[in-house]
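Going left to right, the sequence shown walks through residues -2 to 135 as our numbering numbers them.
We treat Cβ as the ideally placed atom computed from N, Cα and C, and that holds for glycine.
Keep in mind the model is a prediction, meaning the values are calculated, not measured.
Before any comments, here is the structure.
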Amino acid sequence: MGKRVILALLSTLLLGLAWLGVSGVVLLVALVPLMLLGHGLGDDKRSFFKMLGWTAAVTGVWSLITTWWVWYAAPIGTVAIFIAHILLFGGATMIWFWLSKRTRPLIADLVYVCGWVAAEYWLMQGEISFPWLALGNG
-2 MGKRVILALL
8 STLLLGLAWL
18 GVSGVVLLVA
28 LVPLMLLGHG
38 LGDDKRSFFK
48 MLGWTAAVTG
58 VWSLITTWWV
68 WYAAPIGTVA
78 IFIAHILLFG
88 GATMIWFWLS
98 KRTRPLIADL
108 VYVCGWVAAE
118 YWLMQGEISF
128 PWLALGNG
């Protein structure tokens, strides 16, 4: 349990650092700890829901670390951003996790990259139109 907590915290910290004044270079490896956490889990339903929890925690805390200031402008905006990030980025991560247990790693990783970029695109082009956490902005 301790190793998973450390991996989740490391991934959250690396994702958050780019928006807190540290170079965006850390984003190149920010998702690696979360992926290592996923590789350490099994292929059963229970492992899927464990990964879902870890993914929601990482993307949720990352969202709160970087967008807390929205609360001062519109409290409902903070809640909407929080939910949207968990659904979009968490969805991309969960698709990767599911595929990583069923296909070759290269295919799963390519789908993860495409899914992440698609989530960023939908976030920028959708009704929310909040591009703050696009990795390109880090």
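Taking a contact to mean a Cβ-Cβ separation below 8 Å, would you say residue i touches residue j in this structure?
i, j, result
"Gly74", "Ala116", "no"
"Trp51", "Leu34", "yes"
"Leu28", "Ser8", "yes"
"Val26", "Leu10", "no"
For residue i and residue j, which I take to be in contact (beta-carbon distance under 8 Å), what is that distance rounded to the nearest angstrom?
i, j, result
"Leu31", "Thr90", "7 Å"
"Ala15", "Leu6", "That belief does not hold up - the Cβ atoms of Ala15 and Leu6 are roughly 16 Å apart, past 8 Å."
"Leu96", "Val108", "6 Å"
"Ile80", "Gly13", "Actually they are not in contact, since the Cβ atoms of Ile80 and Gly13 sit about 18 Å apart, beyond 8 Å."
"Thr56", "Ile83", "5 Å"
"Met48", "Phe86", "Actually they are not in contact, since the Cβ atoms of Met48 and Phe86 sit about 14 Å apart, beyond 8 Å."
Where does the unbroken alpha helix (DSSP H) through residue i begin, and where does it stop?
i, result
"Ala105", "102 to 122"
"Val171", "As shown, the chain starts at -2 and ends at 135. That puts residue 171 outside it, with no answer to give."
"Val28", "Residue 28 is actually Leu in this sequence, not Val. Run containing Leu28: none; DSSP gives neither H nor E here."
"Ser20", "First-last for Ser20: undefined, no H or E at that position."
"Gly88", "72 to 97"
For residue i, collect the residues of the same chain with a Cβ closer than 6 Å to its Cβ; drop the 5 residues on either side in sequence, then sort them by chain order.
i, result
"Trp113", "Ala89"
"Ala53", "Ile83, Gly87"
"Gly18", "none"
Going by other Cβ atoms of all chains shown within 10 Å of its Cβ, with 16 needed for buried, is residue i buried or exposed?
i, result
"Phe46", "exposed"
"Val22", "exposed"
"Ala105", "buried"
"Val67", "buried"
Given residue i, which residues of its chain have a CB within under 7 Å of its CB, disregarding the five upstream and five downstream residues?
i, result
"Val76", "none"
"Lys98", "Asp40"
Going along the chain, which residues of its own chain have a beta-carbon closer than 8 Å to the beta-carbon of residue i, five neighbours each way excluded?
i, result
"His36", "Ser97"
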